[in-house]
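Residue numbers for the sequence shown follow our numbering, beginning at 97 and rising by one. Ideal placement from N, C-alpha and C gives every residue a C-beta, glycine not left out. What follows is a short report on a single structure.
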Amino acid sequence: MPLPTRRLALVALASLTLSGCLGGESPLTEAPLAPRAGLSRDPTLLIATTRLPAGEPLKEPWFTGERSADLVFAEAKMTPPADGLLGTSDWSIASVGSLDRRNAAQTFAQAALGRDLLLYIHGYRESFESAATSTVQLSQGIKFPGATGLFTWPSAGSTFSYVSDRESAMWSRDALEELLTAMAKTPSGGRIHIVAHSMGTLLTLETLRMLRGSGGASAMERIGAVVLAAPDIDIDLFARGLEKLGPDAKKITVISSTNDRALQVSGRLAGGIVRAGAADRERLEALGVRVADASEFGGRFININHDLFLSNPEVQQVVKRAIEREKL
97 MPLPTRRLAL
107 VALASLTLSG
117 CLGGESPLTE
127 APLAPRAGLS
137 RDPTLLIATT
147 RLPAGEPLKE
157 PWFTGERSAD
167 LVFAEAKMTP
177 PADGLLGTSD
187 WSIASVGSLD
197 RRNAAQTFAQ
207 AALGRDLLLY
217 IHGYRESFES
227 AATSTVQLSQ
237 GIKFPGATGL
247 FTWPSAGSTF
257 SYVSDRESAM
267 WSRDALEELL
277 TAMAKTPSGG
287 RIHIVAHSMG
297 TLLTLETLRM
307 LRGSGGASAM
317 ERIGAVVLAA
327 PDIDIDLFAR
337 GLEKLGPDAK
347 KITVISSTND
357 RALQVSGRLA
367 GGIVRAGAAD
377 RERLEALGVR
387 VADASEFGGR
397 FININHDLFL
407 SNPEVQQVVK
417 RAIEREKL
């Protein structure tokens with residue numbers, strides 16, 4: 097649930113030191129790597145979606161909040177930020193290429209062939225455009241050198257769509273499993289690093305459970321880091337999901353914040369059961385996952401502290417470190 101108008105304020109607040117905040121995680125101390133092949137050289141975003149395309153031929157807003165009967169593949173050409181009199185613009189979508197509905201998962205896997213993949217799975221209240229720009233912001237923030245992809249499910253993009261969004265996210269499990277299976281079976285493929293946010297973490301965890309159950313340990317071999325940022329998951333459901341993943345749960349890093357206001361509201365809607373992303377670090381670590389506690393990085397009054405992995409350079413380093421740890 098990114099809030100672009102608040103990101104500059106969040107970055108300003110990030111002057112706090114990371115010492116002690118991130119629990120088992122710490123920021124990378126070496127100098128940042130120079131950008132290699134990635135979005136800086138080829139601003140193409142690989143798209144796998146269960147959203148219904150917007151018209152025939154495709155036109156803006158490219159994909160809607162309605163459900164597509166089939167998984168769809170496309171490539172989005174992105175426009176980098178430009179400096180102007182009023183400051184620097186954000187990344188934007190220049191165009192979206194032709195669609196593949198018949199073999200979407202295989203076509204996506206072929207497009208990423210031979211490269212590591214950063215796959216972003218967004219959360220509640222996201223449009224296609226906001227999900228795409230958040231994906232690029234994350235990839236550029238950690239200077240990811242491989243292919244960058246987005247799995248986008250049909251969020252209605254509305255504050256009042258929480259329940260319907262949750263249903264649409266769960267409805268997309270089979271499609272995400274199909275995509276990950278195709279990636280895992282593609283010869284000469286790289287590591288698949290997954291970063292999921294908010295409600296998208298529930299979709300991710302449930303899909304990984306399915307993948308582990310249907311394909312066993314071999315199906316999970318190509319999965320690298322799994323970063324769950326502000327997971328909007330019932331803590332008991334989260335614990336059960338980790339049990340089903342078995343030893344693969346150690347791939348998971350949770351970015352949590354006990355003062356995440358969005359998760360506080362979600363917890364109240366769920367009858368007071370704490371969300372995994374708002375749980376105490378000790379409780380999460382006892383479940384066997386790595387934990388980055390970002391509680392001290394958000395604002396106390398203005399900000400809801402729900403998308404720090406997109407706006408805070410120090411928190412982004414946690415994502416980068418998780419990926420580095422899970423490289424082949």
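When the alpha-carbon of alanine 190 is set against those of Pro177, Arg198, Ala243, the nearest one is in Pro177.
The shortest C-alpha to C-alpha distance from serine 185 to any of Thr229, Gln202, Arg221 is the one to Thr229. Secondary structure note for glutamate 171: it is in no alpha helix (DSSP H), and the uninterrupted beta strand (DSSP E) holding it is 159-175. DSSP lists Phe169, Phe247 as the beta-bridge partner residues of alanine 144.
Leaving aside the five residues that flank glutamate 162 on each side, the residues in its chain whose CB is nearer than 8 Å to its CB run, in chain order, Arg147, Leu148, Pro250. With contacts defined as CB atoms closer than 8 Å, valine 387 and arginine 377 qualify as a contacting pair. Cβ atoms of alanine 325 and isoleucine 351 come within 8 Å of each other, at about 4 Å. Between isoleucine 290 and valine 322, the C-beta spacing is below 8 Å.
Secondary structure note for serine 352: its beta strand (DSSP E) is the uninterrupted segment 348-352. Beta-bridge analysis with DSSP links proline 149 to Phe159.
When DSSP states are grouped into helix, strand and coil, alanine 292 belongs to the strand group. Sequence-distant Cβ neighbours of glutamate 171 in its own chain, meaning closer than 8 Å and more than five residues away, are Thr140, Leu141, Leu142, Ile143, Val192, Gly193, Ala207. Under the criterion of beta carbons closer than 8 Å, glycine 245 and leucine 272 do not qualify as touching, at roughly 12 Å.
The residues Met279, Ala280, Gly285, Arg287, Ile288, in chain order, have a CB closer than 7 Å to that of arginine 318 in the same chain once the five nearest residues on each side in sequence are set aside. Tyrosine 216 sits in a strand when the DSSP states are folded into three classes. Beta-bridge partners of aspartate 330 (DSSP): Arg371.
For valine 415, DSSP records no beta bridge to any residue.
Shortest Cα-Cα distance from phenylalanine 159 to any of Asp166, Leu167, Ala165, Ala150 involves Ala150. Scanning its chain for C-beta atoms nearer than 7 Å, with the 5 sequence neighbours on each side dropped, one finds around serine 254 the residues Arg221, in chain order. Judged by DSSP secondary structure, arginine 364 falls within the alpha helix (DSSP H) whose first and last residues are 357-365.
Nearest neighbour of arginine 357 by Cα position, chosen from Lys173, Gly373, Gly342, Pro343, turns out to be Gly373.
According to the DSSP assignment, alanine 271 belongs to no beta strand (DSSP E) but to the alpha helix (DSSP H) extending over 269-281. Sorting Pro153, Asp261, Gly242, Leu154 by C-alpha distance to the C-alpha of leucine 215 places Gly242 at the top. With a contact defined as Cβ atoms closer than 8 Å, leucine 307 and methionine 316 qualify at about 7 Å. Within a 10 Å sphere around the beta-carbon of aspartate 403 sit 16 or more other beta-carbons, which makes this residue buried.
Histidine 293 has its alpha-carbon roughly 21 Å from the corresponding atom of glutamate 339. Only residues of its own chain outside the window of five on either side were considered, and among them Thr297, Leu298, Leu301, Arg371, Ala372 have a CB closer than 7 Å to the CB of isoleucine 329, listed in chain order.
Note that the C-beta distance between leucine 276 and threonine 303 is below 8 Å.
Residue pairing for leucine 380: DSSP places it in no beta bridge. In terms of Cβ geometry, glutamate 422 and glycine 320 form a close pair [threshold 8 Å].
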